[in-house]
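Colleague: The structure follows.
Below you can see the structure in the form of structure tokens.
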């Protein structure tokens with residue numbers, strides 16, 4: 024390094040240090056205001072960091088954010104406000120243009136300027152950032168502008184405008200649903216604090232005004248935790264519902280994202296019926312982007328405009344007529360749906376993954392017909408499919424978040440050590456999960472990456488955990504896979520009809536094979552689910568629960584009087600083109616070859632967890648969630664600050680002091696404090712002692728014809744302790760006792776005698 028370069032670096036570092044000391048350390052209010060801007064900046068950039076953590080590029084984003092922040096601080100004294108705003112606009116527009124320039128050719132072909140603009144505008148109506156094409160590049164493109172401008176304004180003491188810039192960025196991510204509750208709360212508190220402390224700094228405020236600011240902060244936190252504005256003008260509580268969600272609400276009707284939760288429950292109610300020649304898994308959605316805590320469906324919906332392309336290989340047409348028995352927000356259909364018939368086709372939409380979904384809720388007893396081209400394949404074809412994946416498949420379906428651990432990749436390599444083809448790897452992982460993990464609906468929601476936690480820290484889970492982990496393991500081995508939700512076939516009735524209930528909602532895996540397409544795999548153990556399903560349905564029927572049967576299932580029940588499982592199509596022979604299970608030694612393999620369903624809530628299953636404490640002891644009460652504890656602390660602080668500001672705490676302390684005097688080891692000090700309490704009582708009832716006025720003159724002036732002997736006695740003892748030879752412990756006891764009695768009585772201390 025040359026002397027000139029070293030000098031330039033030292034000069035820049037010195038300038039930054041001088042700016043920090045002169046602008047920050049000189050005023051604690053300014054320090055607090057800039058700390059608020061820092062937290063606000065972190066709140067909205069943390070959302071972008073999460074995006075890049077999922078899709079890659081988190082280190083690059085951190086560099087971009089720090090560079091923008093440093094630029095804002097160092098140019099605050101150089102650029103005018105107009106120039107800074109223009110530069111921020113250039114950064115934003117230039118970033119979006121760079122977004123178009125950098126993305127891979129396979130994705131660029133799908134994009135136009137109009138698509139980029141429409142995607143960005145769609146964020147305002149609830150489109151998650153994670154659903155954008157190349158979301159990581161988009162995050163790095165939009166980050167520098169608001170960070171730079173917010174810090175430029177903050178350093179120039181324009182706190183309101185600085186917070187406005189950061190607040191708009193945070194509000195955008197609240198609308199998209201990417202900002203979680205803690206992030207939103209942190210941003211709101213930081214923004215309020217920055218404006219409050221900045222105002223105190225600019226107007227020469229004092230620490231006495233901090234109480235008011237604390238009350239405002241507490242109110243903002245409580246309001247933010249209670250209500251969140253969402254598109255359409257509706258409001259929803261941010262505080263969680265304590266009841267366990269259903270599989271359907273978490274999977275089938277989840278919309279564009281699925282969050283992996285803890286314990287879950289199911290419903291035996293009939294959702295829909297299907298008339299079809301073959302049983303299949305009735306798919307509702309596929310998800311491509313794994314976040315570490317859930318799944319996101321990228322891309323936008325497009326209107327259904329006629330027959331859609333089928334799978335790349337051979338296929339068999341399957342016509343299905345679906346009739347809703349309760350309102351449906353999804354369109355169950357066998358993979359791959361190519362044609363929708365009937366009036367509902369006008370409102371049908373197609374996802375980027377090839378699924379169909381209704382543009383409006385399907386009403387009870389409303390029907391639609393869908394034709395699916397189901398992939399036709401043999402075991403030999405899957406074995407020899409190879410790894411020549413199309414770019415649009417490899418670019419999307421091999422994605423893993425940065426949170427994916429090395430130990431997961433190592434374990435997957437061990438499990439698939441003997442597998443030579445993607446098909447053999449899929450079978451090996453499927454067998455491993457089925458054999459190593461138990462099935463249970465009662466699980467504790469894991470911290471960190473779900474797949475890693477299920478693989479190493481959990482003994483049991485349900486379909487979401489199995490499917491998430493299998494997809495993650497496959498992707499770590501370079502095998503394209505995706506997370507799929509929908510329903511298992513349901514109860515077979517009348518030969519070519521299927522009754523599908525709430526507990527049939529399910530999650531499974533699809534693996535891509537060149538020249539074949541997407542093939543279903545299900546790593547979740549079937550036995551425990553089927554047993555619990557039958558038990559739940561039997562219990563619902565015995566208790567007379569409504570909506571658990573159709574006319575056809577009631578007739579079947581009357582004839583056979585057997586559980587649901589025995590009436591279900593479950594054998595491999597019933598479904599064409601399934602693997603020869605004898606070749607692999609078990610029932611693992613591609614679907615649809617097994618009809619499975621989730622068990623009912625509360626059933627005793629093999630491997631159930633979370634129902635008792637170790638060694639059979641009594642179950643300990645659970646602590647509230649950390650965010651609830653934090654919210655409670657904020658409320659307590661706000662109440663305390665409000666009480667202090669209004670004088671309530673001061674009056675309370677004074678009241679305690681008046682009613683109870685803490686004794687010391689000095690009788691003289693005890694008498695002096697007793698007299699101080701007495702003088703406070705006299706001042707509240709009559710007047711305070713004037714400066715320079717002796718104790719005797721004060722008492723003589725406020726006593727007209729007589730005075731309570733206890734007050735006189737305390738005053739006399741006070742004079743001895745203060746100016747005389749002191750008092751004894753017994754006399755101190757008497758003085759304290761007199762004042763305690765007078766404080767309790769709160770009656771006029773001066774007795775006016777009639778003569």
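Numbering (the numbering used here), first residue to last: 24 to 778.
Don't be surprised by glycine CBs; every beta carbon is placed ideally from N, CA and C.
Going by the DSSP bridge assignment, what does residue 462 pair with across the sheet?
Modeller: Paired residues: 484.
Colleague: I'd like the list of long-range same chain contacts for residue 330, defined as Cβ closer than 7 Å, with 5 residues on each side in sequence excluded.
Modeller: Within the same chain, residue 330 has close Cβ partners 361 and 362.
Colleague: Tell me the rounded alpha-carbon separation between residue 525 and residue 430.
Modeller: If I take the Cα positions, the gap works out to 36 Å.
Colleague: Helix, strand or coil: which one does DSSP assign to residue 313?
Modeller: Note: residue 313 maps to strand in three-state DSSP.
Colleague: For residue 63 versus residue 217, is the C-beta spacing smaller than 9 Å?
Modeller: The answer is yes: Cβ separation under 9 Å.
Colleague: Quick one: what does DSSP say residue 596 is sitting in, helix, strand or coil?
Modeller: In this prediction, residue 596 has a pLDDT of 30, which is less than 50 and means its spatial position is unreliable; nothing more can be read from the coordinates.
Colleague: Going by Cα to Cα distance, which pick from 315, 560, 175 and 553 is closest to residue 94?
Modeller: Nearest of 315, 560, 175 and 553 to residue 94, Cα basis: 175.
Colleague: Just to confirm before moving on: does the CB-CB distance between residue 104 and residue 181 stay below 9 Å?
Modeller: The answer is yes: Cβ separation under 9 Å.
Colleague: Who are the Cβ neighbours of residue 316 in its own chain at under 7 Å, not counting the five residues just before and after it?
Modeller: Answer for residue 316: 282, 283 and 473, listed in chain order.
Colleague: Quick one: give me the first and last residue of the beta strand (DSSP E) that residue 422 is part of.
Modeller: No beta strand (DSSP E) contains residue 422, which DSSP labels as neither H nor E.
Colleague: Look up residue 450 in the DSSP assignment and say whether it is helix, strand or coil.
Modeller: Residue 450: helix per DSSP, three-state reduction.
Colleague: Over the uninterrupted alpha helix (DSSP H) stretch that includes residue 360, give me the two end residues.
Modeller: Where residue 360 is concerned, there is no enclosing alpha helix (DSSP H), although the beta strand (DSSP E) it sits in stretches over 360-364.
Colleague: Check whether the Cβ atoms of residue 575 and residue 522 lie closer than 9 Å to each other.
Modeller: Their beta carbons are under 9 Å apart, which means residue 575 touches residue 522 by this criterion.
Colleague: Give me the residue from 704, 106 and 210 with the minimum Cα distance to residue 763.
Modeller: Closest by alpha carbon: 704.
Colleague: Hey, out of 70, 75 and 484, whose CA is closest to residue 198's CA?
Modeller: Minimum Cα distance to residue 198 is reached at 70.
Colleague: Considering only heavy atoms of the ligand GDP, does any lie closer than 8 Å to the CB of residue 673?
Modeller: Only the bare structure without any ligand can be found here, which leaves the ligand GDP out of the picture.
Colleague: In angstroms with no decimal places, state the Cα-to-Cα distance between residue 50 and residue 224.
Modeller: When rounded, the distance between both Cα atoms is 7 Å.
Colleague: Who are the near neighbours of residue 566 in its chain, counting only those whose CB is closer than 6 Å to its CB and skipping five residues on each side?
Modeller: Nothing listed; no residue qualifies.
Colleague: Spell out a yes or no on whether the segment 406-415 and the segment 377-384 are touching, meaning 3 or more CB-CB pairs, one atom from each, closer than 8 Å.
Modeller: The answer is no - the segment 377-384 does not touch the segment 406-415, with fewer than three Cβ pairs under 8 Å.
Colleague: Taking contact to mean at least 3 C-beta pairs separated by less than 8 Å, is the segment 307-327 in contact with the segment 394-411?
Modeller: The segment 307-327 is not in contact with the segment 394-411.
Colleague: Identify which residue in 194, 210 and 183 has its Cα closest to the Cα of residue 222.
Modeller: For the residues 194, 210 and 183, the minimum Cα distance to residue 222 belongs to 183.
Colleague: With distance defined between alpha-carbon atoms, name the residue in 678, 290, 694 and 683 nearest to residue 555.
Modeller: Among 678, 290, 694 and 683, the Cα nearest to that of residue 555 is on 290.
Colleague: On the DSSP letters alone, give me the boundaries of the beta strand (DSSP E) that residue 372 sits inside.
Modeller: It spans 371-373 - the beta strand (DSSP E) in which residue 372 sits, taken as one unbroken run.
Colleague: Where do the ends of the beta strand (DSSP E) carrying residue 534 lie?
Modeller: 528-536 is the extent of the beta strand (DSSP E) around residue 534.
Colleague: Taking the alpha helix (DSSP H) that residue 57 belongs to, which residues open and close that run?
Modeller: Element bounds for residue 57: 51-78.
Colleague: Taking DSSP as the reference, what is the three-state secondary structure of residue 768?
Modeller: In the structure shown, residue 768 sits in a helix (DSSP, three-state: H, G or I).
Colleague: Within 10 angstroms of the Cβ of residue 318, are there 16 or more other Cβ atoms? Answer buried if so, exposed if not.
Modeller: Classification for residue 318: buried.
Colleague: Locate the beta strand (DSSP E) running through residue 282, then write down its first and last residues.
Modeller: Start and end: 280-282.
Colleague: Taking 9 Å as the cut-off, decide whether the C-beta atoms of residue 754 and residue 671 are in contact.
Modeller: Cβ atoms of residue 754 and residue 671: not closer than 9 Å.
Colleague: In chain order, what residues of the same chain have a beta carbon less than 7 Å from the beta carbon of residue 456, not counting five sequence neighbours either side?
Modeller: The residues are 489, 492, 493 and 546.
Colleague: Identify which residue in 535, 550, 551 and 552 has its Cα closest to the Cα of residue 544.
Modeller: Of 535, 550, 551 and 552, the residue nearest in Cα terms is 535.
Colleague: Helix, strand or coil for residue 740? Go by DSSP, reduced to three states.
Modeller: Here residue 740 sits in helix by DSSP.
Colleague: For a minimum of 3 consecutive residues, which ranges assigned as the beta strand (DSSP E) are wholly contained in the segment 279-355?
Modeller: If we require 3 residues or more, the beta strand (DSSP E) runs fully inside the segment 279-355 come out as 280-282, 293-298, 305-310, 317-319 and 338-347.
Colleague: In chain order, what residues of the same chain have a beta carbon less than 8 Å from the beta carbon of residue 751, not counting five sequence neighbours either side?
Modeller: Closer than 8 Å at Cβ, skipping near neighbours: 690.
Colleague: How many Å lie between residue 420 and residue 215 at the Cα?
Modeller: About 42 Å.
Colleague: Mind checking residue 359: buried by the 16 CB within 10 Å criterion, or exposed?
Modeller: So residue 359 counts as buried.
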